[in-house]
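Residue numbers (this note's numbering): 13 to 724.
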């Protein structure tokens with residue numbers, strides 16, 4: 013189960029927070045809230061009820077806290093009680109975070125209020141307790157009770173973090189010049205409080221803001237995927253078979269970007285209508301629940317269709333254009349009845365295993381806790397695998413009835429850990445063998461091996477490539493903290509730009525719906541390109557490699573074939589006139605070459621139009637005469653050639669007219685019945701309208717081209 017957390021933010025809202033300092037163009041409050049909103053949106057995105065947040069306003073115009081009747085707790089307001097954070101509470105909180113018109117309010121008293129909130133909410137339950145104070149240190153602070161307050165926080169195990177606006181921090185290298193005397197004294201007081209609290213942090217907020225762009229890797233508590241026996245042999249038949257009680261956990265998980273959710277207005281909100289601007293404030297959303305209705309043809313029912321229950325339906329599988337029924341009893345035969353098990357089926361030498369066979373995430377297996385007999389047995393197996401330099405292959409079924417999986421067990425030993433790492437292996441059906449010619453030799457037709465060939469690298473090319481690879485070595489290009497050569501791009505500093513970019517955009521939109529999404533943080537693009545200075549340093553090696561490889565720039569594809577000048581024969585005779593005005597005819601047996609030949613010989617738009625009509629008729633014939641999808645591949649090939657050639661001929665309008673007509677006929681059933689499956693193939697192959705991005709002379713916009721793919 014995930015840890016429960018209770019965090020209270022103390023936000024200084026004094027009038028001095030509305031000022032701008034140190035050359036910034038935004039107020040101290042807005043600037044410091046960058047960090048606070050980042051933390052709060054992370055909590056909202058986690059969507060966990062065990063992550064509770066409270067907010068206390070310091071130096072507010074009014075007083076609103078449980079201790080407000082006592083002396084010293086004036087101008088402190090609880091803006092949000094401790095509890096789960098939602099988008100609605102985030103919107104409400106935003107309206108309250110504004111500078112006040114007062115300078116009064118004691119930061120230490122605000123910490124006491126926060127401690128009381130945490131104690132009241134968490135009681136004696138197991139919580140991670142945190143208080144985060146954000147202040148500019150301009151208000152008066154009473155330091156008399158600091159030792160008692162620090163003792164109380166230590167007893168309650170509350171972690172205190174003080175983030176000061178323009179506070180001096182020697183470790184981070186920041187010092188504010190021309191600091192007022194009162195602010196300097198308050199910094200000393202707060203630093204003294206932090207010094208007496210266990211695990212407390214004192215820092216300038218510029219450090220915290222600079223670290224916002226650095227992605228925080230989500231830590232997930234491991235959960236058990238298998239708990240049972242790891243066997244070698246059948247213990248039920250052979251008493252000497254190996255039987256070790258083990259526990260298996262996930263070691264790695266694939267991180268994926270956030271997905272979009274479909275939501276609707278809650279039923280207690282306004283009826284279905286468009287809301288925008290201020291009307292969206294306070295609107296609650298609910299997840300969409302989907303329901304399916306099944307109908308069958310029934311001439312006697314109203315509308316010719318009748319609703320049926322899902323339980324009365326039989327399973328069917330598509331075979332071509334035919335639905336094949338399989339009864340439940342027959343279907344059960346195809347299902348493999350499995351029992352929960354984890355058994356070793358063989359061993360393989362480490363040097364015979366290919367890493368590309370890894371099929372998924374890594375799990376870790378160790379002996380069951382407090383089972384000394386199993387710990388000893390598993391340790392013996394692990395040491396045996398290491399000494400023999402071997403891996404074990406095992407079959408695992410994590411739960412009864414689940415599909416079996418083949419995994420590779422690799423031994424691993426650390427000072428305090430002996431375990432087996434496992435990765436899924438492919439079954440025979442998962443492996444696809446594609447033969448390719450060798451890269452290091454060329455075999456002639458007569459079987460003789462050729463050593464010098466245009467497809468084989470020369471000695472000069474091999475040497476140039478070797479020098480270039482050595483010069484671009486990044487393993488020691490970086491510099492560590494001690495100034496020594498180090499790896500340039502360590503794995504822990506390399507982040508997935510897609511995941512974290514989407515997270516940043518969502519968090520920005522959540523807090524500032526009307527602002528533009530900021531640019532990609534530089535830390536995400538840090539390793540997107542090789543170091544500029546290194547590329548400049550090895551430019552000579554790159555030039556030598558280009559010269560040795562005889563790299564040449566490929567000229568752009570020529571367009572406007574019909575405008576090219578006709579090559580005049582040396583004899584000066586008009587060959588076309590001598591042969592007569594014979595137009596090219598496109599045959600259904602060989603449509604693609606005939607179509608290309610017809611376009612190559614066309615001189616007028618009318619001739620291109622005629623060739624396009626012939627090709628269009630052949631495509632429609634292939635679709636209408638196709639038995640199932642037997643001729644769909646040929647029709648798609650012809651359609652693709654027609655689209656490409658007409659685009660190159662700068663006649664996209666001819667193709668767009670044809671494809672629009674073809675879509676109508678496909679969806680209306682005019683081409684031999686229901687041919688929607690061929691329209692789906694057109695969409696998948698992206699053979700729709702030619703838009704302005706693909707042809708300069710097209711009149712179709714990109715939006716129209718995208719809309720065209722939607723079936724109507």
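Positions of the beta carbon are idealized from the N, C-alpha and C atoms, including for glycine.
Query: Close beta carbons around residue 227, own chain, < 7 Å, minus the five adjacent residues each side; Result: 507, 512
Query: Local conformation of residue 137 per DSSP, three classes; Result: coil
Query: Local Cβ density within 10 Å of residue 32, reported as buried at 16 or more and exposed below that; Result: exposed
Query: Three-way DSSP call (helix, strand, coil) for residue 375 in this model; Result: strand
Query: C-alpha distance - residue 544 paired with residue 394, whole-angstrom precision; Result: 47 Å
Query: Residue environment, residue 463, which counts as buried when at least 16 other CB atoms sit within 10 Å; Result: exposed
Query: Of the residues 681, 645, 140, 514, the one placed nearest residue 272, counting alpha carbons only; Result: 514
Query: Any 3 or more C-beta pairs closer than 8 Å across the segment 686 to 701 and the segment 639 to 650; Result: yes
Query: Rounded C-alpha distance that separates residue 240 from residue 417; Result: 16 Å
Query: Reference residue 624, options 654, 602, 600, 615, closest by Cα; Result: 654
Query: Rounded Cβ spacing between residue 171 and residue 203 (contact assumed at less than 8 Å); Result: At roughly 16 Å, the Cβ-Cβ gap does not stay under 8 Å, so residue 171 and residue 203 are not in contact.
Query: Opening and closing residue of the alpha helix (DSSP H) in which residue 218 lies; Result: 217 to 222
Query: Rounded separation between residue 537 and residue 224 - CA only; Result: 15 Å
Query: Beta-bridge partners of residue 421, as assigned by DSSP; Result: 404, 434
Query: Ordered list of alpha helix (DSSP H) runs contained in the segment 50 to 128, each at least 4 residues; Result: 99 to 108
Query: Cβ pair residue 34, residue 178 closer than 9 Å; Result: yes
Query: Contact the segment 184 to 193 vs the segment 211 to 223: 3+ CB pairs below 8 Å; Result: yes
Query: Reference residue 438; option with closest CA among 428, 153, 372, 39; Result: 372
Query: Cβ-based burial, residue 36 [other Cβ within 10 Å; buried from 16]; Result: exposed
Query: Span of the alpha helix (DSSP H), counted from its first residue to its last, around residue 512; Result: 509 to 523
Query: CA-to-CA distance, residue 521 to residue 688, given in whole angstroms; Result: 39 Å
Query: Residues near residue 705 by beta carbon distance below 7 Å, same chain, minus five either side; Result: 714
Query: Collapsed DSSP secondary structure at residue 467 in the structure displayed; Result: coil
Query: Cα-Cα separation, residue 681 to residue 721; Result: 17 Å
Query: Expected contact under 8 Å - CB spacing of residue 405 and residue 374 to nearest Å; Result: Not a contact, Cβ separation roughly 16 Å.
Query: Length of the line joining the Cα atoms of residue 84 and residue 136; Result: 28 Å
Query: Limits of the beta strand (DSSP E) - the one that residue 711 falls within; Result: No beta strand (DSSP E) contains residue 711, which DSSP labels as neither H nor E.
Query: C-alpha distance - residue 92 paired with residue 138, whole-angstrom precision; Result: 22 Å
Query: Per-residue DSSP class, three states only, for residue 443; Result: coil
Query: Residue 308 and residue 350 closer than 9 Å at C-beta; Result: no
Query: Environment of residue 205 [buried if 16+ CB atoms lie within 10 Å]; Result: buried
Query: Euclidean distance between Cα positions of residue 709 and residue 264; Result: 52 Å
Query: Residue 226 in three-state terms, based on DSSP; Result: coil
Query: Residue 23, enclosing beta strand (DSSP E) - first and last residue; Result: 17 to 24
Query: With 16 other Cβ atoms within 10 Å as the buried cut-off, status of residue 524; Result: exposed
Query: Cβ neighbours of residue 304 in the same chain (closer than 8 Å, five flanking residues each side left out); Result: 322
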